[in-house]
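Asker: Per this note's numbering, the sequence shown starts with residue 2, numbered consecutively.
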Amino acid sequence: MWFKNLRFYTVDLSELNGVLKDDALVEEALEKASFKPCAAQELASIGFAPIFSHEGLYHFSSGENHFFKLIEETKLLPSSVVKTELNEITAQKEIELKRQLRKNEKEALKAAVAGKLLAQAFATRRELLIWINTDKSLVGIAATSSKRAEKALAMLREAFSTFPAKLLAPHAMVDEKMTSWLKDATTLPKRFAFGSETTLKSTDEDGGVIRASKEDLTSEEIAVHLEAGKVATEIGLSFDESLELTLTSDLALKKLKPTDIYLEKNLPEKSDDETADAQALLVLQGELLSELCDYLMEIFNCERN
Numbered sequence: 002m003w004f005k006n007l008r009f010y011t012v013d014l015s016e017l018n019g020v021l022k023d024d025a026l027v028e029e030a031l032e033k034a035s036f037k038p039c040a041a042q043e044l045a046s047i048g049f050a051p052i053f054s055h056e057g058l059y060h061f062s063s064g065e066n067h068f069f070k071l072i073e074e075t076k077l078l079p080s081s082v083v084k085t086e087l088n089e090i091t092a093q094k095e096i097e098l099k100r101q102l103r104k105n106e107k108e109a110l111k112a113a114v115a116g117k118l119l120a121q122a123f124a125t126r127r128e129l130l131i132w133i134n135t136d137k138s139l140v141g142i143a144a145t146s147s148k149r150a151e152k153a154l155a156m157l158r159e160a161f162s163t164f165p166a167k168l169l170a171p172h173a174m175v176d177e178k179m180t181s182w183l184k185d186a187t188t189l190p191k192r193f194a195f196g197s198e199t200t201l202k203s204t205d206e207d208g209g210v211i212r213a214s215k216e217d218l219t220s221e222e223i224a225v226h227l228e229a230g231k232v233a234t235e236i237g238l239s240f241d242e243s244l245e246l247t248l249t250s251d252l253a254l255k256k257l258k259p260t261d262i263y264l265e266k267n268l269p270e271k272s273d274d275e276t277a278d279a280q281a282l283l284v285l286q287g288e289l290l291s292e293l294c295d296y297l298m299e300i301f302n303c304e305r306n
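1. Where do the ends of the beta strand (DSSP E) carrying residue 239 lie?
2. Between which residues of its own chain and residue 63 is the CB-CB distance below 8 Å, once the five residues before and five after are set aside?
3. Looking only at its own chain, which residues have a Cβ that is under 7 Å from the Cβ of residue 303, when we skip the five neighbours before and after it?
4. In angstroms, rounded to a whole number, what distance separates the CA positions of residue 25 and residue 59?
5. Taking the straight line between their C-alpha atoms, what separation do you get for residue 239 and residue 154?
6. According to DSSP, simplified to helix, strand and coil, what is residue 59?
7. Applying the criterion that 16 or more other CB atoms from any shown protein chain within 10 Å of the CB defines a buried residue, is residue 77 buried or exposed?
8. Look at the alpha carbon of residue 119 and the alpha carbon of residue 71, and state the distance between them as a whole number of angstroms.
9. Could you please give the first and the last residue of the uninterrupted alpha helix (DSSP H) stretch that includes residue 45?
10. Which of the three DSSP states is assigned to residue 1 in this structure?
11. Report buried or exposed for residue 221, applying the criterion of at least 16 other Cβ atoms within 10 angstroms of its Cβ.
12. Using the Cα positions of residue 130 and residue 68, report the straight-line distance between them to the nearest angstrom.
13. Name the DSSP beta bridge partners of residue 248, please?
14. Cutting at 6 Å between CB atoms, please list the residues of its own chain near residue 53, excluding the five before and the five after it.
15. So does the segment 220 to 234 actually touch the segment 195 to 210, counting three or more Cβ pairs closer than 8 Å?
16. Which residues mark the beginning and the end of the beta strand (DSSP E) in which residue 194 is found?
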């Protein structure tokens, strides 16, 4: 159970700190917005689920860090399937009636076909982890998509009645700052080290995009593209020799992965208790994510609550 990606936001928790410190109140709030499978005519469903098992608690807390899990269920109903079925039934009806169907008849038929197929459609499920740090007033969603992250924030608002999360508001231009690191490695913040991948984009509308992987980011090849006017929109980094990641120009974190050295030093040996092992991983992540996100906000001079 690891946050492979993260979008994080600032959040005013002044009205929720009391709730988050009370396990019973948290459980009550999350149960009210718990996951229920899609009904026959529903295309999608989302809700909170027990974080470690089917019948356990809905949250896990360690100090100032709190973790929740959402389940998203989506039915697979390709438009091509609906169209094929609709065309067949429309043709059949027109033969029976010996005339073309009117517009309102076609619309009614389409609704009936979609409803029938929706009830038979296969459903897929995805999990979405949420992290809240009450000390730093941060919330993080394990997603790269802003749409999925906003969906998770909406569920937090539904559960807790209020959840005033705000987009990060950096006073520094993120892509310009990342580009300056590549141009002059001495400007890279001291807790970071370069990884081996980056994405460079031309500022011209018709300009190209260069994606480098397994490359020395201080190499002459990278420098040539920077001198040609390209800017860094993604950059691979290592944080405190503990966490590898890719930072994007909208301050999203991708490809989060703890280093082997960090895990060897800090992660307890595996036990026969899967829940205890999962909890140990979350405890480490809470510590790393709070340090990393707070550091990024400092570097890019982000507004705080």
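Note that CB positions come from ideal geometry on N, CA and C, so glycine has one too.
Answerer: Straight from the coordinates:
1. 232 to 240
2. 280, 283, 284 and 287
3. 169, 170 and 171
4. 10 Å
5. When only Cα atoms are considered, residue 239 and residue 154 end up about 28 Å apart.
6. coil
7. exposed
8. 23 Å
9. That residue, residue 45, is in no alpha helix (DSSP H); its beta strand (DSSP E) goes 45 to 49.
10. Since the first and last residues shown for the chain are 2 and 306, residue 1 lies out of range.
11. exposed
12. 7 Å
13. 236 and 254
14. So the qualifying residues of the chain are 276 and 279.
15. yes
16. 193 to 202
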